[in-house]
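The numbering of the sequence shown is the UniProt record's numbering, which starts it at 1 and goes up by one.
Cβ coordinates follow ideal geometry from the N, Cα and C atoms, glycine included.
These figures come from a predicted structure and were not determined experimentally.
Beneath this line is the structure, given in C-alpha cells, with notes to follow.
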Amino acid sequence: MAVDELLDEHEQGERVREWIRQNAFGVLAGIAVALALVYGYGKWQDHLQDERVAKGEAYAAFNDSIAAGDVDRARDLVAGTGLDDGIYGTLIAFDLAAAQVRAGDGEAAIATLSALQDIDPVLAPVRARRLAVLLIDAGRPEEALAAIGDADDAGSLEVRGDAEQAAGRHEQARTAYAAALAALDPAATVQRTLLEIKLIDAGGAPAHDEDSAR
1 MAVDELLDEH
11 EQGERVREWI
21 RQNAFGVLAG
31 IAVALALVYG
41 YGKWQDHLQD
51 ERVAKGEAYA
61 AFNDSIAAGD
71 VDRARDLVAG
81 TGLDDGIYGT
91 LIAFDLAAAQ
101 VRAGDGEAAI
111 ATLSALQDID
121 PVLAPVRARR
131 LAVLLIDAGR
141 PEEALAAIGD
151 ADDAGSLEVR
161 GDAEQAAGRH
171 EQARTAYAAA
181 LAALDPAATV
191 QRTLLEIKLI
201 DAGGAPAHDE
211 DSAR
C-alpha cells in the first residue's frame, strides 16, 4: 500500500472520529428513543392483551349470569367492565335482549336492541331482524318494516313478509315470502318448508305447486 494511501486512510479516520465527537449525543439520543419506542410498544401490546383477557373473562361471567336468569347482575357486569363497546357490546345486547324476552319483557328487549350504535356491518342485519320480530310481536308492524329497511337477504325478506301479513297487507306479504324463497339456500329445507307454509297462509302458492297445476 502506498504512503499517500495510508495518509488518506488516516485522514478519513480522523474525520470519522471528529464526526462522532460532534454527533455522539444525537446518535445516543436516537438510540435511546428507539429503545424507548420498542419498550413502549411492548408494554402497550401487553396492556392490550391484558385488556382482551379481562374482557373475555367478564363476558364469560356475563353469560353465566344470563344462563342463571340473573339479568340485573348481567347488566351490572356490562356497566362495570366496559363490555358495552365494540363487538362485545353487540353480542351482549343480543344475549341481554334474548334473556329479556325469556323473562317476558319484550319492551325491554326492544329498547336494548334499539339502543345499539356503531354496529359491525356483518351483525347489523341480525340486529335489524331480531328487532323487527320483536316489534311485530308487540303489534308494531310499521316500525318493524322500518327496522328491516331495504335488506334483501332471505331472512330479512321473510321478516318483511311477517310484518306485511301482520299489517293485513297480504299481497305484499306474498311478494316478500316469494322473494325470500327465491333467495333461500336450497339446502335450507326446514326454513323453506316454513316459508312455503307462510306463503300459503298469505294466500299464495309455492312455485313448485304452481308448476304442477299448469
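Taking C-beta to C-beta, are residue i and residue j nearer than 8 Å?
i, j, result
"A103", "L113", "no"
"I136", "A176", "no"
"R192", "L181", "yes"
"I66", "A58", "no"
So residue i and residue j are in contact, right, with Cβ under 8 Å, and what is the actual spacing, rounded?
i, j, result
"I110", "L134", "5 Å"
"L199", "A179", "Going by Cβ atoms, the distance from L199 to A179 rounds to 10 Å, so no, they are not a contact pair."
"F94", "R130", "7 Å"
"A151", "L184", "With a Cβ gap of about 14 Å, A151 and L184 do not count as contacting."
So, for residue i: in the same chain, excluding its five sequence neighbours on each side, which residues have a beta-carbon less than 8 Å away from its beta-carbon?
i, result
"T90", "L116, I119, D120, L123, R127"
"A61", "L77"
"I166", "It is worth fixing the name first, because residue 166 is Ala in this sequence and not Ile. Counting only Cβ-Cβ distances below 8 Å, and skipping sequence neighbours, we find I136, G139, P141, A144."
"E107", "A138"
"D201", "Q165"
Go through its chain and collect everything with a Cβ distance to residue i's Cβ below 6 Å, but skip five positions before and after it.
i, result
"E196", "P206"
"residue 276", "Any answer about residue 276 is impossible in this case: the structure gives the chain only from 1 up to 214."
"R214", "With a pLDDT of only 45 at R214, under the threshold of 50, the placement of this residue in the model should not be trusted; the figure read from the coordinates follows. Nothing listed; no residue qualifies."
Between the Cα of residue i and those of the options, spot the shortest distance and give me the residue it belongs to.
i, options, result
"Q172", "R192, G204, L194, G86", "G204"
"D70", "A188, A99, Y88", "A99"
Excluding the 5 residues preceding and the 5 following residue i in the sequence, name in chain order all residues of the same chain whose CB lies nearer than 7 Å to its CB.
i, result
"H170", "A202, G203"
"I87", "D120"
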